[in-house]
Amino acid sequence: MIHGVLAVAMVALSAWAVATFPRSVLVFLLFQGSLLFTYLARIPAWLRAALFAMALLVLMPVIGYYNGYYLEVATQVGIFVALALGLNIVVGLAGLLDLGYVAFFAVGAYTWAIFGSPHANLIFGGGAFPLAPGWFYPFLLVGLLVAAGTGLLLGLPVLRLHGDYLAIVTLGFGEVIRVLANNLDKPINITNGPKGITPIVRPPMPFGLPTSEAFYFLVLVIVAVVIVVNRRLEDSHIGRAWEAIREDQLAAQAMGVPLVRAKLLAFACGASFAGVMGVVFSAKQVFINPESFTFLESIGVLAMVILGGMGSIPGAVIGATVVTVLNLQVLKGLSLWLNELKNAGVTVLGYSLTDLPTQLEPAKYERMIFGVILILMMIFRPQGIFPVRRRARELER
Amino acid sequence: MAALFEARSVTKRFGGLTALSSVDFALESGIASIIGPNGAGKTTLFNVFTGLYACDEGSVTFRQQSLVGLRPDEITALGVCRTFQNIRLFANMTAIENVLVGMHARVTLGLWSVLAHTAGFHHTERRLQARAEALLERVGLRTHANDVARNLAYGSQRRLEIARALASEPALLLLDEPTAGMTQGEAGALMRLLRDLVADLRLAIILIEHNMRVVMEVSDRVTVLDHGEKIAEGPPRDVQTNARVIEAYLGTRARERRPRAER
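Structure follows, in structure tokens:
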């Protein structure tokens, strides 16, 4: 009861606060915190669902109306949630360490970027491209299939490897895709090399929604589908087989799990989520180049999965949210604040911050602080924020 | 009559070491035990039978079908399943989930049924769970169904491994030292269970066992391996008195001391 009142009050209060102080990072964090509280609070399922629907479907777009940047943050969070959930299947459930996951994201992104821009004319000749904006929606499926196919392609040669060896090969694969994107401007210009592809066509906006709102809802729908798919896979013989492979590959095979097929399916499923989001990403950004798909991005998504709790769906969601918000808002905000202190000439222990050499500029600490957070997390909570909880099955008889 | 399971002149070498040399083995029904000193090649033989090792020579057939060259999961699907000497449960999964994984070979659902939650999916999941519960009941672990395997007592883990193997509906079950680490009482109870399984499910069992009391009590037939060779085979009583077996286990008697040519 008290939890219910608190949850409603928190969501309402934070929404009001965001509307009143649309520029404050702290207030936006409060809004996110209220969602976390709603998830954790002991309240009836219908109330939780209602609060989530209210916050995500109504409040967030309203907040976005006052401060477009927050909607951008929310959309990015959604994209990374889908990526983390995809990687969670491969790493968390099947236990196959994949360090080149962003390659599938790139494949999806380039799929739409090439056909949704005039660039395809260079490949096929003529002037049929870009495709009409309406093609974007079927291309979500195309991106999914192409990425899943790439997943199979990667899966086939590496099936015999596990552990460190698998990690190294997937790392290499991720780099190969990026380098290909960088160099496939000759002899046939497929990716336009480091210059990237632009302008990429955006989909027609349903119900006359503003662009950023439309992308937000689109991402939200995809994330919802991805979560449902993830849960259904996990609660089936397929998910159990993946977990069995993670626990003991040899025993799993001896119990009748076909390793090759199960692993390929894990790679393909994980990759397909990234492929879909790649299509969305390229349309949202209008411009993509290989720089968006570096090794660091793969590591970032992996950090989300590990930080949240390997193999756990709520873990992947919170991990993606925390890392994205940290990178886009908290650490940026921190370095801005430190910069302000510096410019204002504040002295700390008799040392004026104005004298700080440029090498030690606060903006340069961002990555370091992120790293420290990761290390602390691994020391004090190695199982992640929301570790997997084994679901107790109700016995029938 | 062709046997349910038959292995002929199975040979397996690891580099220069011949782990199995020309071993014959056949089983129609009931419980056959394989015994022998450490390093005799018992587990290697199991690994050849279940496809974990490829044999260098010889043939292995189950219901007249050759198992040579098949993958372990294919062999399980045909109806041969095993347990492991050093327990290999899925440690972080619950007992019932372990058993459910064992049923994988019998699930025919496709990806689409899982994603769309078709009626077939719900039906299958309910059926699998009911069977898993029945199997856990059978090995006395029903109350531990939702316990994580890692937290189960040692004896319970061994029984869970048997339940998991039974989940694949085998016609032939290979048990690698199932009573290791059990008290005499637990071992006796397990053997009664095996006897019941043979009677109820018309299951054939091959047992690797060190506990001689168990072996002599439960086996219809005993095969003795030593240094990768079959040195004896027959009903428990005969094997017990076989001179070569005694020699393999206890060593040869020290030769009569030659009278020393002392002055």
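Listed in order, the protein sequences are those of chains A and B.
Quick note on our numbering: the first sequence kicks off at 71 and runs consecutively.
Quick note on our numbering: the second sequence kicks off at 164 and runs consecutively.
Backbone N, C-alpha and C fix where the C-beta goes; we use that ideal spot for every residue, glycine too.
The structure displayed is predicted, hence computed values, not measured ones.
Identify which residue in the options has its Cα closest to the Cα of residue i.
i         : options                                    : result
B:Arg-400 : B:His-390, B:Glu-410, B:Arg-384, B:Leu-180 : B:Arg-384
B:His-373 : B:Val-361, B:Thr-404, B:Tyr-412, B:Glu-392 : B:Tyr-412
A:Val-143 : A:Lys-354, A:Phe-363, A:Ala-433            : A:Lys-354
B:Cys-244 : B:Ile-250, B:Glu-191, B:Pro-235            : B:Pro-235
B:Cys-218 : B:Arg-176, B:Thr-257, B:Leu-299            : B:Arg-176
B:Ser-241 : A:Met-325, A:Val-296, A:Gly-415, A:Arg-310 : In the sequence on display, residue 241 of chain B carries Leu and not Ser. Ranking the options by Cα distance to B:Leu-241, first place goes to A:Met-325.
A:Ala-77  : A:Ala-87, A:Arg-302, A:Ile-113             : A:Ile-113
A:Trp-312 : A:Val-296, A:Val-295, A:Leu-334            : A:Leu-334
A:Leu-223 : A:Leu-105, A:Tyr-435, A:Ala-251, A:Ala-336 : A:Ala-336
B:Ser-319 : B:Leu-183, B:Gly-283, B:Leu-304            : B:Leu-304
A:Trp-407 : A:Tyr-435, A:Tyr-421, A:Pro-208            : A:Tyr-435
A:Val-97  : A:Ala-87, A:Leu-106, A:Leu-105             : A:Ala-87
B:Leu-427 : B:Met-375, B:Glu-332, B:Ile-238, B:Gly-344 : Given that chain B is displayed from residue 164 to residue 426, the structure contains no residue 427 of chain B and the question cannot be resolved.
B:Gly-273 : A:Thr-261, A:Ile-308, A:Ala-218, A:Ala-284 : A:Ile-308
B:Ser-222 : B:Phe-188, B:Phe-253, B:Ile-198            : B:Phe-188
A:Gly-170 : A:Lys-412, A:Arg-248, A:Gly-233            : A:Arg-248
B:Thr-174 : B:Ser-192, B:Thr-287, B:Leu-208            : B:Leu-208
A:Phe-450 : A:Arg-272, A:Leu-377, A:Ser-282, A:Pro-131 : A:Leu-377
A:Glu-245 : A:Ala-321, A:Gly-134, A:Ala-176            : A:Ala-176
A:Ser-342 : A:Leu-105, A:Ala-217, A:Asn-259            : A:Ala-217
B:Ser-185 : B:Gly-397, B:Val-402, B:Lys-393            : B:Lys-393
A:Ala-251 : A:Glu-410, A:Phe-174, A:Thr-428, A:Trp-205 : A:Phe-174
B:Ala-295 : B:Phe-247, B:Val-311, B:Leu-323, B:Leu-180 : B:Leu-323
If residue i and residue j are in contact, beta carbons under 8 angstroms, what's the gap, nearest whole angstrom?
i         : j         : result
A:Val-327 : B:Val-264 : 7 angstroms
B:Thr-206 : B:Asp-389 : About 14 angstroms separates the two Cβ atoms, so there is no contact after all.
A:Gly-221 : A:Ala-338 : 4 angstroms
A:Glu-317 : A:Leu-163 : Not a contact, Cβ separation roughly 11 angstroms.
A:Tyr-207 : A:Pro-273 : 6 angstroms
A:Ser-210 : A:Val-81  : In the sequence under discussion, the amino acid at residue 210 of chain A is Leu, which differs from the Ser named in the question. The pair is not a contact, with the Cβ atoms about 31 angstroms apart (cut-off 8 angstroms).
A:Gly-454 : A:Met-380 : 6 angstroms
B:Ile-259 : B:Ala-330 : Not really, about 10 angstroms apart at Cβ, beyond 8 angstroms.
B:Leu-190 : B:Phe-168 : 5 angstroms
B:Met-345 : B:Arg-376 : Not really, about 12 angstroms apart at Cβ, beyond 8 angstroms.
B:Arg-313 : B:Ala-254 : 4 angstroms
A:Arg-301 : A:Ile-383 : 6 angstroms
Could you spell out where the alpha helix (DSSP H) holding residue i opens and where it closes?
i         : result
B:Glu-191 : No alpha helix (DSSP H) contains B:Glu-191, which DSSP labels as neither H nor E.
A:Leu-377 : 365 to 378
B:Val-221 : Val is not the amino acid found at residue 221 of chain B; the sequence shown has Gly there. First-last for B:Gly-221: 220 to 225, but that is the beta strand (DSSP E), not the alpha helix (DSSP H).
A:Ile-315 : 307 to 317
A:Asp-234 : 234 to 253
A:Met-347 : 329 to 355
B:Arg-427 : A query on residue 427 of chain B cannot be resolved here, the shown segment of chain B reaching from 164 to 426 and no further.
A:Ile-388 : 383 to 395
B:Asn-210 : 205 to 212
B:Arg-321 : 317 to 329
A:Gly-103 : 95 to 110
A:Tyr-286 : 281 to 304
B:His-280 : First-last for B:His-280: undefined, no H or E at that position.
B:Asn-249 : Segment: none, B:Asn-249 is in no alpha helix (DSSP H) and carries neither H nor E.
A:Tyr-171 : From DSSP, A:Tyr-171 is part of no alpha helix (DSSP H); its letter is neither H nor E.
A:Leu-213 : It should be noted that the sequence gives Gly, not Leu, for residue 213 of chain A. Taken as a continuous stretch (DSSP letters only), the alpha helix (DSSP H) holding A:Gly-213 covers 206 to 228.
A:Val-458 : That residue, A:Val-458, is in no alpha helix (DSSP H); it is neither H nor E in DSSP.
Need the endpoints of the beta strand (DSSP E) that residue i sits in, please.
i         : result
A:Ile-445 : No beta strand (DSSP E) holds A:Ile-445; the alpha helix (DSSP H) holding it covers 436 to 450.
B:Phe-177 : 168 to 177
A:Val-416 : Careful: A:Val-416 lies outside any beta strand (DSSP E) and carries neither H nor E.
A:Gly-138 : Where A:Gly-138 is concerned, there is no enclosing beta strand (DSSP E), although the alpha helix (DSSP H) it sits in stretches over 138 to 157.
B:Ile-371 : 367 to 371
Let me check one thing: in DSSP terms, what residues is residue i bridge-paired to?
i         : result
B:Glu-392 : B:Asp-389
A:Tyr-421 : A:Val-418
B:Cys-244 : B:Leu-336
B:Leu-183 : B:Lys-175
B:Gly-451 : In the structure displayed, chain B extends from 164 to 426; residue 451 of chain B sits before or after that span and is not available.
B:Val-311 : B:Thr-257
B:Ala-195 : B:Ile-369, B:Arg-384
B:Gln-228 : B:Phe-225
A:Ile-267 : A:Ile-358
Against residue i, what residues of chain C qualify as contacts under a CB-to-CB distance less than 7 angstroms, listed in chain order?
i         : result
B:Asn-309 : Although the question refers to chain C, the structure presented lacks it and instead comprises the protein chains A and B.
Review point. Contact between the stretch 135 to 155 of chain A and the stretch 385 to 397 of chain A: three or more CB pairs below 8 angstroms?
Key: These segments touch.
Point to revise | Segment contact, 8 angstroms Cβ cut-off, at least three pairs: the stretch 373 to 390 of chain A with the stretch 151 to 170 of chain A | key: Below 8 angstroms, enough C-beta pairs join the stretch 373 to 390 of chain A and the stretch 151 to 170 of chain A to call them touching: three or more.
Check your understanding: At a cut of 8 angstroms, does the stretch 192 to 200 of chain A reach the stretch 230 to 237 of chain A through at least three beta carbon pairs?
Key -> Result no; under three Cβ-Cβ pairs closer than 8 angstroms.
Check your understanding: Does the count of Cβ pairs from the stretch 129 to 140 of chain A and the stretch 165 to 182 of chain A closer than 8 angstroms reach three?
Key -> Contact between the stretch 129 to 140 of chain A and the stretch 165 to 182 of chain A is absent, with fewer than three C-beta pairs closer than 8 angstroms.
Check your understanding: Touching or not, the stretch 254 to 267 of chain A and the stretch 359 to 366 of chain A, by the rule of three or more beta carbon pairs under 8 angstroms?
Key -> By the criterion of at least three beta-carbon pairs nearer than 8 angstroms, the stretch 254 to 267 of chain A is in contact with the stretch 359 to 366 of chain A.
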